[in-house]
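Read the structure below first, then the notes.
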Amino acid sequence: QKEVEQDPGPLSVPEGAIVSLNCTYSNSAFQYFMWYRQYSRKGPELLMYTYSSGNKEDGRFTAQVDKSSKYISLFIRDSQPSDSATYLCAMMEYGNKLVFGAGTILRVKS
Amino acid sequence: NAGVMQNPRHLVRRRGQEARLRCSPMKGHSHVYWYRQLPEEGLKFMVYLQKENIIDESGMPKERFSAEFPKEGPSILRIQQVVRGDSAAYFCASSSDRLSYNEQFFGPGTRLTVL
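Chains as they are written, first to last, in our numbering: chain X, 22 to 131; chain G, 22 to 136.
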C-alpha cells in the first residue's frame, strides 16, 4: 500500500465548475499537508499548505484536512482554463522529506 | 531573487555513461532536496543535504547514485553507469530552515534520457 493515494484522473470539467481533488494517506505521523500545481515540463509550485486538521482558504482555493479520516482535499471554485495542470498532494512528518501523491491531471474546458 | 536553478535542463546519455545534475538553491537557502519523477508517477524523495552534510539519503538507490552539496558551489546529483530505467525528471528543491515547516521551492528540473 502506498503511503499517499491520489486518483490520477484525468479530471475534465467545464469552465466555472467547482473542482474537488482528494488524497488519502496511511502514515498518522504526517503533520504538514501541501498541494502543489505542476504545469507540463515545469517544476511543482506550492499552492497551499495546512498544519494539522482544518480548513484554509486562499482566493478560489480551499484546502481541507481531516486527520481522523486521513483524508485531504483541495477545492477550486470558478475554475479557469489556466487551472489546467497536474495537482500533487504532498505530506511531511517534520521538516524533512515530502511524500507525494501520484498527481491528478485537471483539464478545464472553455 | 533568482529561484532554484538546475542545469542542464535536458541531458541525454548512453547506457553506461555518467550523468551529473547540478542544482543551485535560492539565495539564503542552505537545505537542498532531490526528487525523481518517473513517467506517470509522482515525485519520489531521494536525498536531503545541507552544506557539506547528507542529512537523509533514505530514498537513494544503494548503487550508482551519489549526491553532494559542497561548501562552495552547487549541489550535484551523480549517476554512474546509467541504465534506461534512470530516465526521468530530476527535481531539486531548497528551503531556508528545517526547524519548522519551511516551503520547499522547486527548480525546473533536469530531464534525463538514457539511450
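Note that beta-carbon positions come from the ideal geometry of N, C-alpha and C, so glycine has one too.
No experiment lies behind these values; they were computed from the predicted model shown.
Give the secondary structure of GLY7 of chain X by DSSP, where H, G and I count as helix, E and B as strand, and everything else as coil. The requested residue 7 of chain X does not occur in the structure, where chain X is confined to residues 22 to 131.
Within 9 Å of any Cβ in chain G, is that where the Cβ of GLU78 of chain X sits? Counting from 1 along the first sequence, the entry for residue 78 of chain X is found at position 57. Chain G, which has no Cβ nearer than 9 Å to the Cβ of GLU78 of chain X, makes this no.
Can you find at least 3 beta carbon pairs, one from the stretch 24-38 of chain X and one from the stretch 95-103 of chain X, that sit closer than 8 Å? yes
Looking at chain G, is there any beta carbon in it that lies within less than 9 Å of the beta carbon of ALA111 of chain X? As a first step, residue 111 of chain X must be located in the first sequence, where it is residue number 90. True, the Cβ-Cβ gap to chain G drops below 9 Å.
With DSSP as the reference, please indicate the residues paired to GLU89 of chain G in a beta bridge. Along the second sequence, read from residue 1 onward, the residue named residue 89 of chain G stands at position 68. Answer is G:ILE97.
DSSP three-state label for SER45 of chain G, please. For the purposes of this step, residue 45 of chain G is identified with residue 24 of the second sequence, where counting begins at 1. Reduced to three states, the DSSP call for SER45 of chain G is strand.
For PHE96 of chain X, which residues in the same chain have their Cβ closer than 6 Å to its Cβ, ignoring the five residues on either side in sequence? Residue numbering aside, residue 96 of chain X sits at position 75 when the first sequence is read from its first letter. Taken in chain order, the residues that qualify are SER41 and THR83.
Is PRO29 of chain X close to chain G? Criterion is C-beta to C-beta, closer than 9 Å. Your numbering for residue 29 of chain X matches position 8 in the first sequence. Closer than 9 Å to some Cβ of chain G, the Cβ of PRO29 of chain X qualifies, so yes.
Opening and closing residue of the beta strand (DSSP E) in which ALA106 of chain X lies: Indexing the first sequence from 1 puts residue 106 of chain X at position 85. Per DSSP, ALA106 of chain X belongs to the beta strand (DSSP E) from 106-113.
Suppose the cutoff is 8 Å on Cβ atoms and the five residues either side in sequence are ignored; what does the same chain contact list for LYS92 of chain G look like? By one-based count along the second sequence, residue 92 of chain G stands at place 71. Excluding positions up to five away in sequence, the list reads LYS72 and GLU73.
Between ARG85 of chain G and VAL104 of chain G, what straight-line distance do the alpha-carbon atoms span, to the nearest angstrom? By one-based count along the second sequence, residue 85 of chain G stands at place 64. By one-based count along the second sequence, residue 104 of chain G stands at place 83. The alpha-carbon atoms of ARG85 of chain G and VAL104 of chain G are separated by roughly 10 Å.
Taking 9 Å as the CB-CB cut-off, is ASN117 of chain X touching chain A? In the structure shown, chain A cannot be found, because the protein chains are X and G.
What residue does the beta strand (DSSP E) around LEU133 of chain G start on, and which one ends it? The residue you call residue 133 of chain G lines up with position 112 of the second sequence. That run of the beta strand (DSSP E) goes 131-135.
Under 7 Å from the C-beta of PRO129 of chain G: neighbouring residues of chain X: Counting from 1 along the second sequence, the entry for residue 129 of chain G is found at position 108. Those are LYS63 and GLY64, listed as they occur along chain X.
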